[in-house]
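To keep things clear, I will list the structure first and then write my remarks on it.
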Amino acid sequence: MRPAILLRTAALLALVLAAGPASADDVMDGWARRGAIYASITMDDGTPAGCSALCSRDGNCQSWVWTVAGLDGPDTQCALLSAAPTPFRAPGRVTGLSADLVQRIEAAAERPPSPREIDALQSMQHGEHD
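Residues -24 to -1, 1 to 106 in mature numbering (1 follows the signal peptide of the UniProt record, and there is no 0) are what the sequence shown lists, from first letter to last.
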């Protein structure tokens, strides 16, 4: 592969990853997720951190949504999701990813691109679409 193509591919990959990997501290205040809820837990004095901890202890949980008291009932709510759907703006809610999913995302972000991924990035760069 030519050096110029490698440099362009590296630059394109850097742009794709510019947002950086998710981390356990990536909590989105004022956001929620729809669907894939398999457990909804009423919490007397729950916090987003408590909801996150419940998710991280449950092997089925991929993401969570905490809801402030008074929005869906008198108590705070913690929803555990079996997937990590795209978040949407939702005042009064907080969402995040499970610690396990965060670890998998970080591990994937640290590996070099595969030959197949390099080919796909190069075809995108040259405007080749299927």
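In this text, a Cβ means the ideal position worked out from N, Cα and C, and glycines have one as well. Just so we're clear, the structure is a prediction, and the values are computed from it rather than from any experiment.
Next on the checklist: Which of the three DSSP states is assigned to VAL78 in this structure?
Outcome noted: Here residue 78 is taken as the residue at index 102 of the sequence shown, counted from 1. DSSP places VAL78 in helix when its eight states are reduced to three.
Item to check | Reduced DSSP category for PRO88 - H, G, I as helix; E, B as strand; rest coil | outcome: Locating residue 88 in the sequence shown gives position 112, where the first residue counts as 1. Coil at PRO88, not helix or strand.
Item to check | Expected contact under 8 Å - CB spacing of SER16 and GLN38 to nearest Å | outcome: On the sequence shown, residue 16 is found 40 positions in, with the first residue counted as 1. On the sequence shown, residue 38 is found 62 positions in, with the first residue counted as 1. About 15 Å separates the two Cβ atoms, so there is no contact after all.
Checklist entry - When burial is assigned at 16 or more other CB atoms within 10 Å of the CB, is GLY35 buried or exposed? => result Residue mapping note: residue 35 aligns to position 59 of the sequence shown, counting from 1. Around the beta carbon of GLY35, fewer than 16 other beta carbons lie within 10 angstroms, which makes this residue exposed.
Checklist entry - Using the rule of at least 16 other Cβ atoms within 10 Å of the residue's Cβ for burial, across every protein chain shown, is SER90 buried or exposed? => result The residue you call residue 90 lines up with position 114 of the sequence shown. By the Cβ-count criterion, SER90 is exposed, with fewer than 16 other Cβ atoms from all chains shown falling within 10 Å of its own Cβ.
Next on the checklist: Run through the DSSP bridge pairs and tell me what ASP5 is partnered with.
Outcome noted: Your numbering for residue 5 matches position 29 in the sequence shown. Its beta-bridge partners are VAL70.
Item to check | Collapsed DSSP secondary structure at SER58 in the structure displayed | outcome: Here residue 58 corresponds to residue number 82 of the sequence shown, with the count starting at 1. DSSP places SER58 in coil when its eight states are reduced to three.
Checklist entry - Under the rule that 16 or more other beta-carbon atoms within 10 Å means buried, what is GLN53, buried or exposed? => result If you number the sequence shown from 1, residue 53 lands on position 77. So GLN53 counts as buried.
Checklist entry - Among ALA60, ILE81, ALA25 and ARG33, which one has its Cα closest to the Cα of THR43? => result Here residue 43 refers to the residue found at position 67 of the sequence shown. Nearest to THR43 by C-alpha distance, out of ALA60, ILE81, ALA25 and ARG33, is ALA25.
Checklist entry - Residue range of the beta strand (DSSP E) that ALA15 falls in? => result Counting from 1 along the sequence shown, the entry for residue 15 is found at position 39. Residue range 13 to 19 is occupied by the beta strand (DSSP E) that includes ALA15.
Next on the checklist: Between which residues of its own chain and GLY11 is the CB-CB distance below 8 Å, once the five residues before and five after are set aside?
Outcome noted: Counting from one through the sequence shown, the residue named residue 11 turns up at place 35. The residues are LEU57, ALA59 and PRO61.
Checklist entry - What are the residues that DSSP puts in a beta bridge with VAL41? => result Locating residue 41 in the sequence shown gives position 65, where the first residue counts as 1. In the DSSP assignment, the residues bridged to VAL41 are ALA55 and THR71.
Item to check | Rounded separation between ASP2 and GLY72 - CA only | outcome: Your numbering for residue 2 matches position 26 in the sequence shown. Your numbering for residue 72 matches position 96 in the sequence shown. When rounded, the separation of the alpha-carbon atoms in ASP2 and GLY72 is 6 Å.
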